[in-house]
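Residue numbering for the sequence shown follows this note's numbering, beginning at 336 and increasing consecutively.
Where a beta carbon is used, it is the ideal one built from N, C-alpha and C, also for glycine.
On a predicted model such as this, the values are computed, not experimentally measured, just so you know.
Taking it in order: structure first as structure tokens, then the write-up.
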Amino acid sequence: MTQTEDKTISSTGDTPLVPMEKIVSLSKRRGFVFPNSEIYGGVSGIYDFGPLGVELRNNIRRYWWWSMVQINDNVVGIEGNIITHPRVWEASGHVENFVDQLVECKNCKRRFRIDQLPVENLEQNKCPVCGGELSEPRLFNLMMETYIGVVEGERMKTYLRGEACQNIYLDYENVLKSSRMQIPFGICQIGKAFRNEVTPGNFLFRQREFEQWDLQFFVHPSEMEKWFDYWKERRFEWYKSIINHKDRLRLRPHDPDELAHYAKKAFDIEYRTVLGWQEWEGIHWRQDWDLSRHSLYSGHDLSYTDPETKERYIPWIVETSGGVDRTFLNLLLDAYEEEPPSGKDKEGRTVLRLHPWFAPVKVAVLPLQKNKEELVTTAQDIHNRLKRLMVSQYDDVANIGRRYRRQDEIGTPFCVTVDFQTLEDQTVTVRERDGMSQIRLQINELPAYLLERVTWNYS
Ligand code: GAP
């Protein structure tokens, strides 16, 4: 199987867009996401991830890493630090250019980013919430400041990184030398970024602390177009392969007036939710901006010498930069479905149709009855064997229908039920989440059967 082949679960048809409140509520109820510092009233735009959330995040990260680093011979990975030398952010242009224009309503005191205000409100200088008068626009830098050192007066002001990718340019030469890479090649990283967003909100969509994944692909200038198109298409296919609602994904070129200061050209991979079409990942033509600027500001020449032609040049860069948190949110919005009662499920159910690779729990092992010791010990034994291979949950609380629904709601792709027949012939029922179909398997066939369906270790 190749990476671009379609590996999504069965299509769910034309289901309505999921309201954000449903995902916020599920996330809290089932332990995916919690508001940070909730007992102190919370902090806007900052969240923590609970037991299921952390599993989902790890699965998302792992799959990205696998498809970007592990299977590409010309891509390697790094993990840079959040704090860097402050000059980095002058060189990168963030101190000067990483700004939003905001206006404040003189009546209700709400703040709005100018680029997010409806045109009519902008023209009439009117607050979209209360109709009050808006202030003059002000520039607001998004970088979060911090200080290194302990002695007052000697402390050095720097910034928490506003985009994770800067470490890649800083480590570029060390990677080149230590890993015997030659251009064209890429460096990947997953890591936290921080922005003092003027209007954080919409749950995980716009946060102040979030996680990005980046590929920075270094090329000869004459090959820029080719590699830009290559990664744009590949990333688009990647996102298409992890969602159910393919018609909600599109590629949109940036207008010249929305380009970031470092980009000559850009496309957004966008996904449609209740928030409308929104950016999921940016594909940026960064050209020689980064390595030239760091050469200039550091005094260290970052140009490259071609080992064969001896040509010396500053490599150009194709960037693909997406968000772990937006992937997390979009996957939940894409997968969530409330099914009405049917012949198969009389009460109806909420189901998360996550790809089995991403599902936080891969299998639940359920004894049919809690008060039959042999059923319980057999189920516990199966769970204890499976949990070494994948995330498994044992559950014997409530009737079997309710237990299935509990697992459907968190996206568990398989439930294994131990019943009276198990005690006679060592077979169990394997119930699959989406179609609710059931088959019987020998207990010793379970590990191979499940592993094949919940991991991406194929050739
Ligand atoms: N290095 C390029 C860069 O940072 P960006 O478009 O500003 O580009 C890349 O960010 C990705 O990071 C976005 O596509 C989005 O997925 C994610 N992202 C950006 N700001 C975010 C925020 N405030 N909260 C959550 N995710 C964010």
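To the nearest whole angstrom, what separates the beta carbons of residue i and residue j, a pair I think is in contact under 8 Å?
i      : j      : result
PRO386 : GLY377 : Their Cβ separation, rounded to whole angstroms, is 20 Å, which puts PRO386 and GLY377 out of contact at 8 Å.
GLU480 : LYS492 : 6 Å
ARG766 : TYR729 : ARG766 to TYR729, Cβ: 15 Å. No contact.
ARG661 : THR534 : That belief does not hold up - the Cβ atoms of ARG661 and THR534 are roughly 16 Å apart, past 8 Å.
SER684 : GLU616 : Here residue 684 turns out to be Arg, not Ser, going by the sequence shown. No, ARG684 and GLU616 are not in contact; Cβ-Cβ is about 32 Å, not under 8 Å.
PHE540 : LEU477 : In fact, because the Cβ distance is near 16 Å, the residues do not count as touching under 8 Å.
GLY467 : CYS440 : 5 Å
ASP549 : ILE618 : Not a contact, Cβ separation roughly 11 Å.
In angstroms, rounded to a whole number, what distance separates the CA positions of residue i and residue j?
i      : j      : result
ARG720 : LEU781 : 10 Å
ILE577 : SER633 : 41 Å
GLY428 : ASP603 : 21 Å
TRP692 : ALA783 : 15 Å
ASP592 : LYS599 : 11 Å
PHE663 : LEU391 : 7 Å
ASN394 : TRP400 : 10 Å
GLY526 : PHE538 : 19 Å
VAL423 : ARG647 : 24 Å
TYR671 : PRO748 : 14 Å
ASP506 : VAL698 : 41 Å
SER557 : ILE652 : 12 Å
LYS363 : ILE745 : 12 Å
GLU673 : HIS596 : 43 Å
TRP612 : PRO588 : 13 Å
VAL789 : TYR398 : 12 Å
ARG583 : GLU605 : 8 Å
LEU511 : GLN517 : 7 Å
ALA714 : PHE755 : 12 Å
ASN456 : GLU487 : 46 Å
ASP731 : GLY366 : 19 Å
GLN501 : LEU626 : 10 Å
PRO463 : PRO453 : 8 Å
HIS580 : ASP769 : 15 Å
GLU373 : SER677 : 39 Å
ASP636 : GLN459 : 51 Å
How would you write the range of the beta strand (DSSP E) that residue i sits in, first residue to last?
i      : result
TYR565 : Note, TYR565: premise wrong, no beta strand (DSSP E); alpha helix (DSSP H) at 559-577.
ARG473 : 473-476
PRO370 : 368-370
ILE358 : No beta strand (DSSP E) holds ILE358; the alpha helix (DSSP H) holding it covers 355-365.
GLU744 : Taken as a continuous stretch (DSSP letters only), GLU744 belongs to no beta strand (DSSP E), being part of the alpha helix (DSSP H) at 735-745.
HIS429 : Premise fails: HIS429 lies in the alpha helix (DSSP H), 429-432, not in any beta strand (DSSP E).
HIS635 : No beta strand (DSSP E) holds HIS635; DSSP gives it neither H nor E.
ALA699 : 698-702
ALA598 : Taken as a continuous stretch (DSSP letters only), ALA598 belongs to no beta strand (DSSP E), as it is neither H nor E.
TRP548 : 544-554
Where do the ends of the alpha helix (DSSP H) carrying residue i lie?
i      : result
PRO386 : 386-400
LYS512 : 501-513
PHE663 : 659-670
ILE717 : 708-721
GLU487 : Premise fails: GLU487 is in no alpha helix (DSSP H) and is neither H nor E.
ARG788 : 781-789
GLU455 : 454-459
TRP424 : 422-426
Hey, would you say the C-beta of residue i is under 7 Å away from at least one heavy atom of ligand 3?
i      : result
GLN542 : Because ligand 3 does not appear in the structure shown, any question about it cannot be addressed here, the ligands present being ligand 1.
For the stretch 723-743 against the stretch 702-711, are there 3 or more C-beta pairs whose distance is under 8 Å?
With three or more CB-CB distances shorter than 8 Å, the stretch 723-743 counts as touching the stretch 702-711.
When the Cβ atoms of the stretch 634-644 are set against those of the stretch 557-575, are three or more pairs found closer than 8 Å?
Verdict: no, contact absent.
Closer than 8 Å is the cut-off here; do at least three beta carbon pairs connect the stretch 608-627 with the stretch 514-525?
At 8 Å Cβ cutoff, the stretches do not touch.
Flag this pair as touching only if the stretch 408-427 and the stretch 483-501 have three or more C-beta atom pairs under 8 Å; answer yes or no.
Under the Cβ criterion (8 Å, minimum of three pairs), the stretch 408-427 counts as touching the stretch 483-501.
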